[in-house]
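Taking it in order: structure first as C-alpha cells, then the write-up.
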Amino acid sequence: MIENTWCPGCLNNTILTSIKNIIKGKENQFAITTGIGCHAKIYDYLDTNAVYCLHGRTLPIAMGIKLAQPNLKVLAFSGDGDIYAEGISHLMHMFRYNHDLTLVVHDNRVFALTTGQPTPTTKIGYKSKASPKGTTIAPINPIKLALSSGCKFVARCSALDPKHLQETLQAAIAHKGFSFVEVLQPCLIFSKDNMELLKNNSYKINKKLSYKEALEKAEEFDYSKDVGKIPIGIFYED
Amino acid sequence: MRLNILFGGKAGQGANEITETIGEILVEKGYYIFNYRDYSSLIRGGHNYNILCISNSPIMSHDWKVDILLALDERTLKEHKNNLKKQTKIIHFKEDFGLATNMFYASALLCYLGIDKQILINKIKNKYDKKYWKQDIEAVEKGYCIKDRIKLEQATNKPKKIISGGKAVSLSAKNSKLDFYFAYPMTPATSVLHELASFPEVKVFQSGNEIEAVNSALGASYAGKLSMTGTSGGGFDLMSETMSMQGISEIPLTVYLASRPGPGTGVPTYSMQQDINISLYAGHGEFPRVVLCPGDPKEAYLLTNQALILAEKFNCLSVILSDKHLAESEFTINDFEKISPVKITRKIPGKEIVKASSYEHLENGDTIEDSENTIKAMEKRLEKEKQIKEQIKKLETYKIHGDKNSDTLFISTGSTKGAILDYIYEEGGKFLQLLYISPFPDIKKEIEKAKKVYIVETNSTGQLKNLIKQKICPEKELISILKYDARPFTPEDIKEKIK
Numbered sequence: 000m001i002e003n004t005w006c007p008g009c010l011n012n013t014i015l016t017s018i019k020n021i022i023k024g025k026e027n028q029f030a031i032t033t034g035i036g037c038h039a040k041i042y043d044y045l046d047t048n049a050v051y052c053l054h055g056r057t058l059p060i061a062m063g064i065k066l067a068q069p070n071l072k073v074l075a076f077s078g079d080g081d082i083y084a085e086g087i088s089h090l091m092h093m094f095r096y097n098h099d100l101t102l103v104v105h106d107n108r109v110f111a112l113t114t115g116q117p118t119p120t121t122k123i124g125y126k127s128k129a130s131p132k133g134t135t136i137a138p139i140n141p142i143k144l145a146l147s148s149g150c151k152f153v154a155r156c157s158a159l160d161p162k163h164l165q166e167t168l169q170a171a172i173a174h175k176g177f178s179f180v181e182v183l184q185p186c187l188i189f190s191k192d193n194m195e196l197l198k199n200n201s202y203k204i205n206k207k208l209s210y211k212e213a214l215e216k217a218e219e220f221d222y223s224k225d226v227g228k229i230p231i232g233i234f235y236e237d
Numbered sequence: 000m001r002l003n004i005l006f007g008g009k010a011g012q013g014a015n016e017i018t019e020t021i022g023e024i025l026v027e028k029g030y031y032i033f034n035y036r037d038y039s040s041l042i043r044g045g046h047n048y049n050i051l052c053i054s055n056s057p058i059m060s061h062d063w064k065v066d067i068l069l070a071l072d073e074r075t076l077k078e079h080k081n082n083l084k085k086q087t088k089i090i091h092f093k094e095d096f097g098l099a100t101n102m103f104y105a106s107a108l109l110c111y112l113g114i115d116k117q118i119l120i121n122k123i124k125n126k127y128d129k130k131y132w133k134q135d136i137e138a139v140e141k142g143y144c145i146k147d148r149i150k151l152e153q154a155t156n157k158p159k160k161i162i163s164g165g166k167a168v169s170l171s172a173k174n175s176k177l178d179f180y181f182a183y184p185m186t187p188a189t190s191v192l193h194e195l196a197s198f199p200e201v202k203v204f205q206s207g208n209e210i211e212a213v214n215s216a217l218g219a220s221y222a223g224k225l226s227m228t229g230t231s232g233g234g235f236d237l238m239s240e241t242m243s244m245q246g247i248s249e250i251p252l253t254v255y256l257a258s259r260p261g262p263g264t265g266v267p268t269y270s271m272q273q274d275i276n277i278s279l280y281a282g283h284g285e286f287p288r289v290v291l292c293p294g295d296p297k298e299a300y301l302l303t304n305q306a307l308i309l310a311e312k313f314n315c316l317s318v319i320l321s322d323k324h325l326a327e328s329e330f331t332i333n334d335f336e337k338i339s340p341v342k343i344t345r346k347i348p349g350k351e352i353v354k355a356s357s358y359e360h361l362e363n364g365d366t367i368e369d370s371e372n373t374i375k376a377m378e379k380r381l382e383k384e385k386q387i388k389e390q391i392k393k394l395e396t397y398k399i400h401g402d403k404n405s406d407t408l409f410i411s412t413g414s415t416k417g418a419i420l421d422y423i424y425e426e427g428g429k430f431l432q433l434l435y436i437s438p439f440p441d442i443k444k445e446i447e448k449a450k451k452v453y454i455v456e457t458n459s460t461g462q463l464k465n466l467i468k469q470k471i472c473p474e475k476e477l478i479s480i481l482k483y484d485a486r487p488f489t490p491e492d493i494k495e496k497i498k
C-alpha cells in the first residue's frame, strides 16, 4: 500500500475506514471506481479491484464493470465537483438505468485538490481565487435532485459519524439497484466552517419516509445559505 | 459493361428499398452490383436517390451519368438533369400509385431490362406481410408496361452476396465473439448499432452520450469482456479523453469511426475522409494505437477482427476508420475470409485483484509521480509501439492492385478504393491501397519506383498525403487528387482530375 497523502486529520479517512471494514476479507468480491480529486486517492488505499477513472467518469466505467461481471459488488466514488459538475450527465442517466451499484459522493462542497474553487454544492457568497467577490451562483440540492430523478435509494451521511456512515453504506450496497449516498465531508483547508455547521445541525432520520416526506425532508437543509437542520440517513428506499 | 440506374423520389417513397430489391434480383441472375445511397438529413419528403451500377464483371463504384432514370416524383426529373446522357431512358409516370408506387416503378424497370416480373412477385411474397401482397402485386402487373427493351449483356457468374461496410463490421464483431457494444446514435455509424442489436449473441447498450459509451466499453473490457464502441467524427471528439485514458490504463479498446464531412455538424448524411488526422492523434499525451482502414466490406470484415485481436493482444487502442461511403453503400462480394474468435487471456477482476489507472502507475496499478518510474512507464508504452510494429509486419498492411509494372502509382486508403480500382481497370496504372495507417507501413520503395504518384482522398487539405510525407519522407513529388463536395469519387471523376 502506498503512502496516504490526504491532509492530516482529513475526513476522507473516515470514509476509507468504513469501506475497509465493509470489504474486509471479501476484497475480491468488490470492484471500485473513482473520479479525480481528493476523494479518488482512495483507489490507492484499498486492496481491491479498482479503476482510477478520469474526472467525472466514475459512473460509466462502474456500469461497464457491473454489466460485464454482475457478481462483483461495484462501488463508484466521486467528489462533488467530479459528479455534480463534470459528471452530472452520467449521474442523471444512472438514476434512469438503475444498475445495481452504489455511488458514494465525498461532498466537501469545494474543489479541494485544485485549491478551493466553488463546486455545484458551494454556498452563495463563498470566496476563492476563482470567485474573489464571492460566488453568486445557486447550488443544487443533490438529495432533491436524486429524489426527483427517480432514484430508488437516496441517503445522506456525515463523515463526522463513522458508525452511522458504515451502516448506511452497508444498506446502500445491500439495496438492489442504483443507490446514491451523499457524504457531507467538510474540507479542513477550504470548507472548514462547514464543520461546525455539520456538528451542530445534523440529526438522524429515525423512520422510513414516504416519497413526499422525503422531498420535504430534503428541503430542510438549504445548501445555498447553510441554514436549517441537516437530516442524515436514508431519505428514501423503494 | 457498366449500366447505371438512378432511383429517385421523396424520402419515404421507397426508392432505397426498390434499389435493394432490384439489386438482389440482378445478383441472383449473376450480375455484380454497386449501390450508392444519397439522402438528406430528413425522414419524410425532400429528395433521396440511389445509383445502382450493374456489371457482368466485378465493380465497386457507380457513375454520375446514368443510363436509366427512374423518377418516382417530378422533383427527381428536375434535380437530375446533370445526370443524364443523350440516350438516358427516363421512366416516369404522372399517376400516383399510393403506397405501392415503388413496386410499380420496380416492375416498369424489370420490364425495360427484360426480366420476368414473377421474380419480383416472389420477392414481395418473401419479404412483406401478407396484407400488402394484393396492392403490391397489382402494381407489379400494371407497372410491367414499358414498350421498348434494353439488351443486357448475359451474366454467367455464380450468385454472390450483397453487403454494406457497416454490416460487414457488425458481422465480423459478432463472429469475433464480441460481448458488448456501447454506442450513441450518430450517422453513419448507426448501422452497426442496429445490426449488432439484432444479434442475440452481442449485448448492445444505447448510451446517454458518447463519453458514457466509450467509458462503459472500457469498464466492461477491464472486467474481462470483449467490448467495442462506435461513432462518427463528433462523437469521436467526445471520446478522445477516454482514448487517452486507454493509453495509460492499457485496458483493450476498439473504436469504430465512420466519418462524415465536417467540421461541426457538417454534411451529416454524406461522405468525406477528413478524420484521418483525428483517428491518429485524438487524445492527449503519447501512447500507441492501431488504425485500420478497410476499403470494402471484405476488408471491413477482416480488419475488424484484426482490430479486436490487436487491442486484446497489446492492451492497446484500435481504431477502425471507415466513412459513410463504405458504411452505407452496398457491394457484391464472394464469401468472407475466415476469422478467428478473440481470446481473452489477461487477468480478470474477481479472479485476481486487478487495478487499472488513469494516473501514471506501477505495473500493479499503484499511483506514482517520481521521475524514475515515470520514465519506465513511458518507455514501456514506447516499447509496446515497437512490438505492435513487429506484429503487423506479419499481416497485410497494404495491397498492390492493377499493373505492377506501371510507373503511374495511385495511393489511397479507405472508401476511395472502389473508384480507383474501376478507374485503373479501364485506364491502367498501379494502385497502392493502405490497410493500416498506424503503425504506418514502409511503402518508400513503391513510391520511389514510380514516375508519377497520385494521392487520392476525399478532403481538402491532403491529410493522407501529409501523413505519407511525414512518415516516409519521399524524394518524389506527391500529387494530390482531392474531392471535397461531400460526394465520393467515381472513376470518371478521377479521369477528369488527372487530365
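So the sequences go chain by chain: A and B. Letter 186 of the first sequence, counting from 1, is numbered 185 in numbering that gives the first Met the number 0, and no numbers are missing. Letter 18 of the second sequence, counting from 1, is numbered 17 in numbering that gives the first Met the number 0, and no numbers are missing. Just so it is clear, CB atoms sit at the ideal spot from N, CA and C, and this is done for glycine as well.
In this chain, the beta strand (DSSP E) harbouring G44(B) covers 44 to 54.
Here the C-alpha atom of D115(B) lies approximately 11 Å from the C-alpha atom of E140(B). Its chain contains M271, Q272, Q273, I275, L481, Y483 as the residues whose beta carbon lies nearer than 8 Å to that of N458(B), once the 5 sequence neighbours on both sides are disregarded; these appear in chain order. Contact between S328(B) and N34(B) is confirmed by a C-beta separation of about 6 Å, below the 8 Å threshold. In the same chain as K224(A), and ignoring 5 residues on each side of it, the C-beta atoms closer than 8 Å to its own belong to K122, I123, in chain order. Interface criterion met: the Cβ of E240(B) is under 7 Å from a Cβ in chain A.
For E311(B), the closest Cβ of chain A is not nearer than 7 Å. At a C-beta separation below 9 Å, E26(A) has these neighbours in chain B: I352.
Take the alpha-carbon of Y48(B) and the one of L5(B): they are about 7 Å apart. Proximity of Q68(A) to chain B, defined by a Cβ-Cβ separation below 7 Å, is satisfied. Straight through space, the alpha carbons of G364(B) and D43(A) are spaced by roughly 8 Å. Within the same chain, Cβ atoms closer than 6 Å to the Cβ of Y31(B) are found at S54, P57, I58, T331, the five residues on either side in sequence being excluded.
Of all residues in the stretch 176 to 191 of chain B, only D178, F179, F181 come within less than 9 Å of chain A when Cβ atoms are compared, listed by chain position.
Interface annotation, G427(B): not in contact with chain A, CB-CB separation never under 7 Å.
Counting every other CB atom within 10 Å of its CB across the protein chains shown gives V226(A) a total below 16, marking it as exposed. Shown here for N140(A): same chain residues with a beta carbon closer than 7 Å to its own, the five before and five after excluded, namely A217, Y222 in chain order. Taking a 10 Å sphere around the C-beta of A129(A), we find fewer than 16 other C-beta atoms and assign the residue as exposed. Contiguous beta strand (DSSP E) elements confined to the stretch 169 to 229 of chain A occur at 178 to 183, 201 to 203, taking only those with 3 or more residues.
In the three-state reduction of the DSSP assignment, T118(A) falls in the coil class, being assigned neither a helical nor a strand state. For S270(B), the secondary structure class from DSSP, reduced to helix, strand or coil, is coil.
Boundaries around Q86(B) are those of the beta strand (DSSP E), 83 to 90, since no alpha helix (DSSP H) includes it. Counting only runs of at least 4 residues, the stretch 298 to 357 of chain B fully encloses the following alpha helix (DSSP H) elements, listed from N- to C-terminal order: 323 to 327.
DSSP, read as helix, strand or coil, puts K72(A) in strand.
Interface with chain B (7 Å Cβ-Cβ cutoff): A30(A) is included. A direct Cα-Cα distance of roughly 28 Å separates S60(B) from E476(B). In its chain, beyond the 5 residues on either side, T20, I24, M102, A105, S106, L109, V139 have a beta carbon closer than 8 Å to the beta carbon of L119(B). Chain B places a beta carbon closer than 7 Å to that of M62(A), counting this residue as a contact. Residue contact with chain A for Y358(B): present (Cβ-Cβ distance below 7 Å to some residue of chain A). Boundaries cannot be given for D99(A), as no beta strand (DSSP E) includes it and DSSP labels it neither H nor E. Beta-bridge partners assigned by DSSP to N48(A): A30(A). With its beta carbon less than 7 Å from one in chain B, Y51(A) belongs to the interface. From the beta-carbon of L71(A), the residues of chain B found nearer than 8 Å are A222, P348, G349. Taking 7 Å as the CB threshold, N214(B) lines the interface with chain A. Against E371(B), chain A offers no close residue; the least beta-carbon distance is about 15 Å (beta-carbon pairs closer than 8 Å). With a minimum length of 4 residues, the unbroken runs of alpha helix (DSSP H) contained wholly in the stretch 130 to 179 of chain B fall at 164 to 174. By the C-beta criterion, the stretch 408 to 428 of chain B is judged not to be in contact with the stretch 367 to 377 of chain B, since fewer than 3 inter-stretch pairs fall below 8 Å.
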